[in-house]
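Protein chains: 4
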Amino acid sequence: MTDTHQPPRGTGAELKRAILDEARRRLESGGYPALSTRKIASAVGCTATSIYLYFNSKDALIHALIEEGFEDLNSKMMAAIEGDGPVLERLKDAARAYVRFGLERTAYYEIMFMLRPEQMERFPAESYRRARRSLDAFASFASVSPAEGLKRGTIVLTALHGLVALLIAQRVDAQLDREELIESAIHAACTAAVAPPF
Amino acid sequence: MTDTHQPPRGTGAELKRAILDEARRRLESGGYPALSTRKIASAVGCTATSIYLYFNSKDALIHALIEEGFEDLNSKMMAAIEGDGPVLERLKDAARAYVRFGLERTAYYEIMFMLRPEQMERFPAESYRRARRSLDAFASFASVSPAEGLKRGTIVLTALHGLVALLIAQRVDAQLDREELIESAIHAACTAAVAPPF
Amino acid sequence: MTDTHQPPRGTGAELKRAILDEARRRLESGGYPALSTRKIASAVGCTATSIYLYFNSKDALIHALIEEGFEDLNSKMMAAIEGDGPVLERLKDAARAYVRFGLERTAYYEIMFMLRPEQMERFPAESYRRARRSLDAFASFASVSPAEGLKRGTIVLTALHGLVALLIAQRVDAQLDREELIESAIHAACTAAVAPPF
Amino acid sequence: MTDTHQPPRGTGAELKRAILDEARRRLESGGYPALSTRKIASAVGCTATSIYLYFNSKDALIHALIEEGFEDLNSKMMAAIEGDGPVLERLKDAARAYVRFGLERTAYYEIMFMLRPEQMERFPAESYRRARRSLDAFASFASVSPAEGLKRGTIVLTALHGLVALLIAQRVDAQLDREELIESAIHAACTAAVAPPF
DNA sequence: TATGAATGAGGATTCATTCAT
DNA sequence: TATGAATGAATCCTCATTCAT
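Chains as they are written, first to last, in the numbering used here: chain A, 5 to 202; chain B, 5 to 202; chain C, 5 to 202; chain D, 5 to 202.
Pasting the structure below:
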């Protein structure tokens with residue numbers, strides 16, 4: 005509906021950027037099915053053909069977005085973790101960074117974590133390994149053993165993902181204070197990871 | 005390929021039943037994109053047009069499936085909760101029922117909890133309120149106050165949802181023992197709800 | 005260029021016929037690449053979508069034409085062969101029927117004999133076996149042995165095919181009297197088959 | 005898949021040569037539809053645009069290939085004809101050269117003799133006159149009169165073309181011994197041309 | 001209650017070609 | 001001599017939906 009505002013454009017690299025931005029925007033507002041080469045093209049003011057000058061396929065375009073997303077998320081989490089405060093605090097900072105990323109950069113988050121593998125079949129496996137890096141951040145705190153760290157880190161990650169996902173999907177009761185909920189959930193997840201009840 | 009086995013059929017209500025069954029079958033085997041009116045029709049042995057005799061639109065058909073899903077989930081959780089064991093145990097049983105439902109009836113789970121509101125715009129809001137009932141199950145255990153119960157219940161729910169969602173999306177490290185992970189995650193979430201660290 | 009004259013149409017079967025006719029016409033004037041669902045549709049006065057009501061795919065449409073062609077050719081050759089004249093005469097009559105078919109029903113002939121297998125990959129093999137039936141007509145006259153008959157028949161067939169193909173492709177010198185050329189070529193081919201110099 | 009090996013290249017004439025070579029290669033491996041300017045360009049290591057520096061259009065490129073083909077075919081037939089053996093033997097040698105060319109350089113043969121005139125509309129007529137030269141080779145043997153020679157030569161040519169075309173199109177029974185069939189067909193055609201039964 | 005016929009919009013992708021530099 | 005950027009037209013095919021019967 006909000007197509008055809010053609011103003012942007014510019015030379016090569018600018019157009020590529022504009023295409024990526026528009027793709028992200030559409031992803032954000034309508035999800036994967038709203039990603040149509042023709043719609044992106046008309047919204048960005050070029051031909052559908054031109055998209056193929058910069059991306060080999062529609063999937064390649066999405067992969068580019070995913071890469072961007074991981075780079076952003078990873079750098080934010082690394083920044084949160086590096087510090088010399090108490091372990092629990094740093095873990096919670098990382099968790100806050102993760103949740104904030106999910107809620108602020110929804111479109112990125114969705115294609116990074118909420119796309120079914122069948123829809124993204126052609127996505128190179130090594131790219132997904134990057135996702136693990138954010139997990140590493142959580143796992144590294146569970147000092148006991150690598151295996152135990154992986155498990156605890158995964159549990160934290162799933163808890164945070166559920167929080168983000170349900171908030172995004174608007175499945176959380178509107179009466180709840182959003183910030184308080186987030187903070188409590190993070191607290192519960194991180195505390196359990198550092199001193200697990202299991 | 006496995007379409008067109010037209011034998012079933014039947015008059016009125018039977019046909020409606022057959023359509024719903026086939027839709028569910030397709031949903032479970034191919035996910036949302038496999039839901040095509042024509043394919044359902046040809047598989048069930050009627051015309052695509054006939055579907056519109058029983059459902060106003062494809063969305064209406066999906067809504068019917070969602071209702072089915074909620075009924076199933078709610079009844080399973082109620083069964084898990086009703087009992088006289090210790091609170092924590094019953095809460096964990098409810099959580100297990102929830103997770104099992106998500107992993108066994110993946111397609112249902114997806115349309116119930118993972119479909120973007122924009123994609124399901126026309127889905128009647130009151131239907132979603134049913135989703136709350138599974139939340140109620142979790143909330144009811146946190147006796148302190150209704151508001152506190154809602155918050156704690158929500159936190160449990162998000163944790164479980166994250167677990168299910170990442171398992172479905174195959175974003176969980178394959179080295180982890182699946183059952184052990186689930187049990188640990190449930191334990192952590194439920195323990196925190198009953199005796200919260202916050 | 006000569007698209008959009010939409011007059012025809014009519015009820016189901018008529019439209020199907022119209023589609024087939026238009027497809028043949030286009031095949032005739034522009035060859036295989038001129039066969040476009042959209043062009044056929046606009047020429048025949050319906051939507052491209054409607055074509056798929058009557059044919060599963062573009063190939064299926066062509067297959068239908070091929071079948072029609074073989075039926076026509078086979079019946080014509082059978083009619084020519086059945087008789088009680090001398091062998092050579094009946095063989096020549098069959099040859100005349102073959103050549104006439106090729107020159108009169110060019111479009112059919114082309115898709116039957118001049119399409120590369122790669123272009124028609126999906127064409128069911130059993131359909132091509134029908135082509136052999138016209139060969140059988142030629143082979144049956146070489147009484148010596150089945151194997152020898154197959155060889156002689158094939159040689160006649162190739163000679164006639166070359167004649168038809170070059171005439172169709174307009175690669176034959178315009179100075180030549182067309183009818184006389186045909187008659188001479190048929191005579192040479194058939195004589196050699198009945199009393200071969202090899 | 006086997007595109008993009010860009011190493012060759014070179015200035016001016018070399019690039020033109022490289023383009024033609026690649027075009028021929030593609031033609032021979034994938035046939036006419038495999039001839040795409042962009043694919044040729046990427047395989048040869050230049051831009052699609054560059055092709056237009058040396059050829060006015062894709063058709064012009066094909067015309068160049070056709071010319072090459074005729075030169076090759078003509079020289080081979082001339083070589084076969086020049087000699088002092090008996091007439092029939094030399095005629096058969098020419099026929100063998102023709103058939104061998106068709107089966108070995110299939111892609112060339114196709115664009116030379118099997119392309120519809122409508123598809124090659126813009127091909128300069130005078131170029132096709134070269135094709136006649138191979139016909140001349142066959143015609144020259146029928147000494148009686150030029151007109152009679154043209155006719156007999158044409159008949160030989162059509163017979164050979166039919167043989168080649170059906171072999172190429174894989175419409176010849178696989179049970180037949182290929183070489184034997186060819187030799188017999190050549191024998192029949194040439195014998196009839198030298199001492200015609202008509 | 002059910003259908004057969006038809007549609008318009010849209011899907012991703014490839015094509016030969018042009019133009020300014 | 002060569003290119004990078006861009007295009008418009010075209011490809012087959014599938015979708016949910018409607019309407020008269």
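C-beta atoms are modelled at their ideal positions from N, C-alpha and C, and glycine is treated no differently.
Counting other Cβ atoms within 10 Å of its Cβ, residue 148 of chain D stays below 16 and is therefore classed as exposed. Pairing residue 22 of chain D with residue 48 of chain D gives a Cβ-Cβ distance under 7 Å.
Using a Cβ-Cβ cut-off of 7 Å, residue 89 of chain C does not count as an interface residue toward chain D, since no Cβ of chain D sits closer than that to its own.
Linking residue 28 of chain C to residue 119 of chain A through their CA atoms gives a straight-line distance of about 46 Å. Within chain B, no residue has its CB atom less than 7 Å from the CB of residue 142 of chain A, the nearest being about 12 Å off. Beta-carbon to beta-carbon, residue 186 of chain B and residue 96 of chain B are separated by about 11 Å, too far to satisfy the 8 Å threshold. In this structure residue 89 of chain A is exposed. Its beta-carbon is surrounded by fewer than 16 other beta-carbon atoms within 10 angstroms.
If only complete runs of 4 or more residues are kept, the region 74-143 of chain B shows the alpha helix (DSSP H) at 91-108, 110-113, 129-143, in order along the chain.
Leaving aside the five residues that flank residue 111 of chain D on each side, the residues in its chain whose CB is nearer than 6 Å to its CB run, in chain order, 31, 32. Residues of chain B with a Cβ closer than 8 Å to the Cβ of residue 185 of chain A are, in chain order, 155, 158, 159. Look at the region 18-47 of chain D: the residues with a C-beta under 7 Å from a C-beta of chain C are 35. At least one beta carbon of chain C lies nearer than 7 Å to the beta carbon of residue 120 of chain D.
Counting along the chain, residue 52 of chain B sits inside the alpha helix (DSSP H) bounded by residues 52-58.
Membership of residue 49 of chain A in any alpha helix (DSSP H) is not indicated, and neither H nor E is assigned to it by DSSP. Its chain contains 142, 193, 197 as the residues whose beta carbon lies nearer than 6 Å to that of residue 160 of chain A, once the 5 sequence neighbours on both sides are disregarded; these appear in chain order.
Distance from the Cα of residue 172 of chain D is smallest, within the candidate group D/81, D/61, D/114, for D/114. Under the DSSP assignment, residue 177 of chain A falls outside any alpha helix (DSSP H); it carries neither an H nor an E label. For the region 86-115 of chain D, residues whose beta-carbon sits nearer than 9 Å to a beta-carbon of chain C comprise 114. Per DSSP, reduced to three states, the secondary structure at residue 68 of chain C is helical. Under the Cβ criterion of 7 Å, residue 69 of chain C is not counted among the residues facing chain D. Residue 188 of chain C sits in a helix when the DSSP states are folded into three classes. The beta carbon of residue 65 of chain C sits no closer than 7 Å to any beta carbon of chain D. Sequence-distant Cβ neighbours of residue 84 of chain B in its own chain, meaning closer than 6 Å and more than five residues away, are 97, 98, 101.
Here the C-alpha atom of residue 53 of chain A lies approximately 9 Å from the C-alpha atom of residue 41 of chain A.
Residue-level contact by beta carbon holds for residue 195 of chain B and chain A, with a gap shorter than 7 Å. A Cβ of chain C is located within less than 7 Å of the beta carbon of residue 163 of chain D. The criterion of a C-beta distance shorter than 7 Å is satisfied by residue 168 of chain B and residue 103 of chain B. Linking residue 37 of chain B to residue 107 of chain B through their CA atoms gives a straight-line distance of about 19 Å. Residues of chain A whose Cβ lies closer than 8 Å to the Cβ of residue 173 of chain B are, in chain order, 117, 118, 119, 120, 121. Counting every other CB atom within 10 Å of its CB across the protein chains shown gives residue 163 of chain C a total of 16 or more, marking it as buried.
In this chain, the alpha helix (DSSP H) harbouring residue 34 of chain A covers 16-34. In summary, residue 77 of chain A is buried, with 16 or more beta-carbon neighbours lying within 10 Å of its beta-carbon over all protein chains present. Distance from the Cα of residue 46 of chain C is smallest, within the candidate group C/19, C/133, C/68, for C/19.
Approximately 11 Å separates the beta-carbon atoms of residue 201 of chain B and residue 156 of chain B; this is outside 8 Å, ruling out the contact.
Within a 10 Å sphere around the beta-carbon of residue 94 of chain B sit 16 or more other beta-carbons, which makes this residue buried.
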